[in-house]
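The next block holds one structure in the form of structure tokens; read it before the comments.
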Amino acid sequence: MEETTVLTRIDHRSVPCYLILRGGWSTCVLNADRVVLRREASPLLRAFARTRGEWASIDGVAWNTFSDAEGLSAIERRETRCYALVKGTETEHQLRLLMTL
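Under the numbering used here, the first residue of the sequence shown is numbered 356, with each subsequent residue one higher.
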């Protein structure tokens, strides 16, 4: 219930929830709906992801829309990884800080 309250006060479409790492060092920052917020992650957001994010694959049904929009092949999907930046227990203040990274 707390998460819903926090996300109604903050535009959840603006909260970075995923940091995508593609071949080389290309990055992409996505919101909870897996919509691209920006094409490059700041060094601070990368550091946050490495220390606090949860490492995951994008080779699943939930990632179909993003993968199709980005034109990722099946091989690229298996090789592309992401960090989940939000766990759902963050305070409004923490989410606002994350939005500034």
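For glycine and all other residues, C-beta sits at the position ideal for the given N, C-alpha and C.
| Item | Value |
| --- | --- |
| Check whether Ala-396 and Thr-382 have beta carbons under 7 Å apart | yes |
| Cβ-Cβ distance between Leu-452 and Ala-404 below 7 Å | no |
| Sub-7 Å separation of Val-384 and Leu-450 beta-carbons | no |
| Per DSSP, cross-strand counterpart(s) of Ser-412 | Arg-436 |
| Helix, strand or coil at Leu-453 [DSSP, three-state] | helix |
| Candidates Arg-377, Val-391 and Leu-376, of which the one nearest His-367 by Cα | Val-391 |
| C-beta neighbour in chain B for Asp-366, strict 7 Å | Among the chains of the structure shown, chain B does not appear; only one protein chain is present. |
| Where the alpha helix (DSSP H) through Arg-368 begins and ends | That residue, Arg-368, is in no alpha helix (DSSP H); it is neither H nor E in DSSP. |
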